[in-house]
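The listed protein sequences correspond, in order, to chains A and B. Start counting the first sequence at 1; every next residue gets the next number (this note's numbering). Start counting the second sequence at 1001; every next residue gets the next number (this note's numbering).
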Amino acid sequence: MIQVRGLSKLYGKKVVVDQVSIDIVPGTITSFIGPNGAGKSTLLSMVSRLMDADTGEVLLDKKNIKKIKSGELSKKVSILKQSNQMNVRLTVKELVGFGRFPYSKGRLNDQDHAKVDEALTYMDLHDLEDRYLDELSGGQRQRAFIAMVIAQDTDTILLDEPLNNLDMKHSVQIMKILRRLVDELGKTVVIVLHDINFASVYSDRIVALKDGKVIKDGLTNDIIQSTALKEIYDMDIHVQQLNNCRICVYFNSALQGE
Amino acid sequence: MKIRILIIGLVVLSICSLFVGVSSITPMDLIDYQSEETQIFLISRLPRLVAIILAGAGMSIAGLIMQSLSRNKFVSPTTAGTLDATRLGILVSMLLFANASMLEKMTVAFVFALAGTLLFMQILNRIKFKDAIFIPLVGLMFGNILSSITTFFAYKADVIQNMSAWLQGDFSMMMKGRYELLYISIPVLIIAYLFANRFTVAGMGEDFSKNLGIHYRRIVNFGLILVALITVTVVLTVGMIPFLGLIIPNIVSIFKGDHLEKTLPHTALLGAIFLLLCDMLGRVLIYPYEIPISLMVGVIGSGIFLYLLFRRRAYA
Chain A
1 MIQVRGLSKL YGKKVVVDQV SIDIVPGTIT SFIGPNGAGK STLLSMVSRL MDADTGEVLL
61 DKKNIKKIKS GELSKKVSIL KQSNQMNVRL TVKELVGFGR FPYSKGRLND QDHAKVDEAL
121 TYMDLHDLED RYLDELSGGQ RQRAFIAMVI AQDTDTILLD EPLNNLDMKH SVQIMKILRR
181 LVDELGKTVV IVLHDINFAS VYSDRIVALK DGKVIKDGLT NDIIQSTALK EIYDMDIHVQ
241 QLNNCRICVY FNSALQGE
Chain B
1001 MKIRILIIGL VVLSICSLFV GVSSITPMDL IDYQSEETQI FLISRLPRLV AIILAGAGMS
1061 IAGLIMQSLS RNKFVSPTTA GTLDATRLGI LVSMLLFANA SMLEKMTVAF VFALAGTLLF
1121 MQILNRIKFK DAIFIPLVGL MFGNILSSIT TFFAYKADVI QNMSAWLQGD FSMMMKGRYE
1181 LLYISIPVLI IAYLFANRFT VAGMGEDFSK NLGIHYRRIV NFGLILVALI TVTVVLTVGM
1241 IPFLGLIIPN IVSIFKGDHL EKTLPHTALL GAIFLLLCDM LGRVLIYPYE IPISLMVGVI
1301 GSGIFLYLLF RRRAYA
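Encoded structure:
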């Protein structure tokens, strides 16, 4: 279980993340939402040790992650950042194989191969496994990166805007897979999302940030409410119940209530 | 690009190389151990072959590691100032120690090569405009600055003649007793192979490396130490061989990708084959004279480099 305690980050004098304390509930999908510049990605980077915090600490099973050896930590928490502009020419299978690096240091054994195969199946990538990453479309490449993280087989998976540059079909596909990771394999997923409706439909919990502070933290249904959303986004957002899903309508506030 | 074909190619070329030269030697001559031919073979031909293979493989691997760590296909000892820093180091060692021994030269040159490469990597980190072609241009400029400093002080100290020996790569002077330093590159290459997977991960970027539990900075610095070691041994024994570390890894990458553990053997073999070919051409073209290897590699290599630049749109 990951606990964040009093985490802050300053860029120069500007406070980007301000005294954030949250608990990541195991076995759930938690979405970080909020306007641009709210500090969502920065917070995720600090939780995942990619970035050092200026104050506060991140605890993994009550232990400060800075005290955990990076080799050990990489078996427990994985992170995928939003910009993966890599110019390394690897095949999909080779990339996914590197997900096993924390275990095998690159020399894959039978168990590693099985995990790689499993991850490829999970992401439906077997047809593409021998293709080079630079020959793939954005969506296919994103799926390959997620497969790598699945092969890494950590309890907690952190994803920074994984739906960026993806069309609707692939976005839905990826969210469904994340749901399955949680429901079938008991993983914990933390995800930074821009599209509030994906957060509403697929996540169990939502943490809303604004100006570096947590302003809402709770169950999805409690946060996808017009009043709460108004507070987060400073705009009128109408919430509609549609086949058990709560959908936010925000495209034109003049149309609301009709 | 099958590894088997590369090995066969290298063996065939090696045998050819051993029997190409000013004095004709046939395999039959070697039966008589006392003959003049056997002596030439052992003192000159064999060391030359070993030196070519080690230098070719070494420089190619140095380039491969640099390209992976800098995440830029056009960075190599030639385009990152490593070669020029090495020369500056050799000059300093000559000025500091009147009759510098090989070991002194090597140590000082190594320090300079490493410092020069690290400095280039620092510049690289600070450049916001990360265009694939812009970076090596900066590297070339950086190298030229170092080179001018070297020339200036060499001129002042009247050792220009001496320095120019390291300007041009040349295998014609490779003889027993003059190439053994190159053996250092054998353990270095083995270490590079053992760390290949870490270099590949580092090539995916700092965030990726951290996610997979790798100390990014440590691996980058370690890789650059290997690069500096290889470069120094080659420059000290053979001289500068431009472009080799640039074109060989790029060609292999096109066919085999960037999984270093898989491409390292290919890169080493192809580098040795390419250098061997250039050397033989240089020996045959104006027979019985010789075209220096750096000139041969420079001409052929720059042509291939241009070709790689133009096809960049499709790749890299």
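Glycine is no exception: its CB is placed at the ideal position from the N, C-alpha and C atoms.
Does any residue of chain B have a CB that is nearer than 8 Å to the CB of residue i?
i	result
A:GLY79	Reading off the sequence, residue 79 of chain A comes out as Ile, not Gly. Taking Cβ atoms only, chain B reaches closer than 8 Å to A:ILE79, which makes this a yes.
A:PHE101	yes
A:GLY186	no
A:PHE98	yes
A:GLU94	yes
A:GLU258	Note that A:GLU258 scores a pLDDT of 43, beneath 50, so its modelled location is shaky; the value from the coordinates is reported in the next line. Chain B, which has no Cβ nearer than 8 Å to the Cβ of A:GLU258, makes this no.
If residue i sits next to residue j, beta carbons under 8 Å apart, how far is it from one beta carbon to the other, in whole angstroms?
i	j	result
A:ALA144	A:GLY99	Contact flag wrong, Cβ pair sits at about 10 Å.
B:PRO1249	B:GLY1169	Wrong, their Cβ atoms sit about 18 Å apart, outside the cutoff.
B:LEU1064	B:LEU1264	7 Å
B:ILE1247	B:ILE1304	5 Å
A:THR220	A:ASP204	6 Å
A:VAL88	B:GLY1245	Between B:GLY1245 and A:VAL88 the Cβ distance is about 18 Å, and since that is not below 8 Å, they are no contact.
A:ILE224	A:VAL239	6 Å
A:LEU259	A:TYR202	Nothing about residue 259 of chain A can be reported from this structure: the residues present for chain A run from 1 to 258 only.
B:LEU1270	B:ILE1251	7 Å
B:THR1150	B:ALA1228	Not confirmed; about 17 Å, so no contact.
A:ILE24	A:ILE2	4 Å
According to DSSP, residue i sits in a beta bridge with which residue or residues?
i	result
A:ILE33	A:ALA208
A:VAL17	A:LYS9
A:LYS79	Here residue 79 of chain A is Ile; the residue named in the question, Lys, does not match the sequence. According to DSSP, A:ILE79 bridges with A:LEU158.
A:LYS216	A:ALA208
A:CYS248	A:VAL239
A:TYR132	A:THR91
B:VAL1238	Looking at the DSSP assignment, B:VAL1238 forms no beta bridge with any residue, so it has no partner.
A:GLU72	Answer is none; A:GLU72 lacks a bridge partner.
B:VAL1075	Partner(s): none; B:VAL1075 has no beta bridge.
B:ASN1221	B:ASN1221 is not bridged to any residue.
A:VAL189	A:ILE29 and A:ILE157
A:ASP127	Answer by DSSP bridge pairing: none, since A:ASP127 is not bridged.
B:VAL1022	BP columns for B:VAL1022 are empty, so no partner.
A:THR55	A:SER8
A:ASN64	A:LEU59
Using a Cβ-Cβ distance cut-off of 8 Å, determine whether residue i contacts chain A.
i	result
B:HIS1266	no
B:GLU1104	no
B:GLY975	Missing from the structure shown is residue 975 of chain B; chain B here goes from 1001 to 1316 and no further.
B:GLY1009	no
For residue i, go through chain B and note every residue whose CB falls closer than 7 Å to its CB, in chain order.
i	result
A:GLY106	ASN1197 and GLU1261
A:ARG49	LYS1210
A:ASP132	Note that residue 132 of chain A corresponds to Tyr in the displayed sequence, not to Asp. Correct list: GLY1257.
Name the chain B residues whose beta carbon is nearer than 9 Å to that of residue i?
i	result
A:MET86	ARG1071, GLY1203, MET1204, GLY1205 and PHE1208
I want to verify the contact list: residues of chain A whose CB lies under 8 Å from the CB of residue i, in sequence order.
i	result
B:ASP1258	VAL88, ARG89 and LEU90
Name the chain A residues that come within less than 9 Å of residue i, Cβ to Cβ?
i	result
B:GLY1213	LYS69, SER70, GLY71, GLU72, LEU73, SER74, LYS75, PHE101 and PRO102
Counting only Cβ pairs nearer than 7 Å, list the residues of chain D close to residue i.
i	result
B:SER1253	Considering every chain present, this structure includes no chain D. Its protein chains are A and B.
ask   = Counting Cβ pairs closer than 8 Å, one from the stretch 1229-1244 of chain B and one from the stretch 1095-1114 of chain B, do we hit at least three?
value = Enough Cβ pairs lie closer than 8 Å, so yes.
inquiry  = Pairs of beta-carbons, one from the stretch 87-102 of chain A and one from the stretch 33-51 of chain A, closer than 8 Å: are there three or more?
reply    = Contact between the stretch 87-102 of chain A and the stretch 33-51 of chain A is absent, because fewer than three Cβ pairs lie under 8 Å.
ask   = Between the stretch 1049-1065 of chain B and the stretch 1116-1131 of chain B, do at least 3 Cβ pairs fall closer than 8 Å?
value = Contact fails: fewer than three Cβ-Cβ distances are below 8 Å.
ask   = Would you call the stretch 204-219 of chain A and the stretch 17-24 of chain A touching, i.e. three or more CB-CB distances under 8 Å?
value = Between the stretch 204-219 of chain A and the stretch 17-24 of chain A there are three or more inter-stretch CB-CB distances shorter than 8 Å, so the stretches are counted as touching.
ask   = Okay, do the stretch 1145-1163 of chain B and the stretch 1075-1087 of chain B touch, 3+ Cβ pairs below 8 Å being the bar?
value = Below 8 Å, enough C-beta pairs join the stretch 1145-1163 of chain B and the stretch 1075-1087 of chain B to call them touching: three or more.
query = How about the stretch 1088-1106 of chain B and the stretch 1292-1301 of chain B: do they share at least three Cβ pairs that are nearer than 8 Å?
reply = By the Cβ criterion, the stretch 1088-1106 of chain B is not in contact with the stretch 1292-1301 of chain B, since fewer than three pairs of Cβ atoms, one from each stretch, lie closer than 8 Å.
request  = Please confirm if the stretch 64-78 of chain A is in contact with the stretch 115-134 of chain A, defined as three or more CB-CB distances below 8 Å between the two stretches.
outcome  = No, because fewer than three Cβ pairs between the stretch 64-78 of chain A and the stretch 115-134 of chain A fall closer than 8 Å, the two stretches do not touch.
query = Using 8 Å as the Cβ pair cut-off and three pairs as the minimum, do the stretch 1007-1021 of chain B and the stretch 1046-1057 of chain B touch?
reply = Enough Cβ pairs lie closer than 8 Å, so yes.
key: Three CB pairs or more closer than 8 Å across the stretch 226-233 of chain A and the stretch 1015-1035 of chain B   = Counting C-beta pairs with one atom in each stretch, the stretch 226-233 of chain A and the stretch 1015-1035 of chain B have fewer than three that are closer than 8 Å, which means they do not touch.
key: Contact the stretch 1091-1100 of chain B vs the stretch 1267-1282 of chain B: 3+ CB pairs below 8 Å   = Flag = no, the stretch 1091-1100 of chain B and the stretch 1267-1282 of chain B do not touch.
query = Using 8 Å as the Cβ pair cut-off and three pairs as the minimum, do the stretch 50-70 of chain A and the stretch 107-124 of chain A touch?
reply = No, they do not touch.
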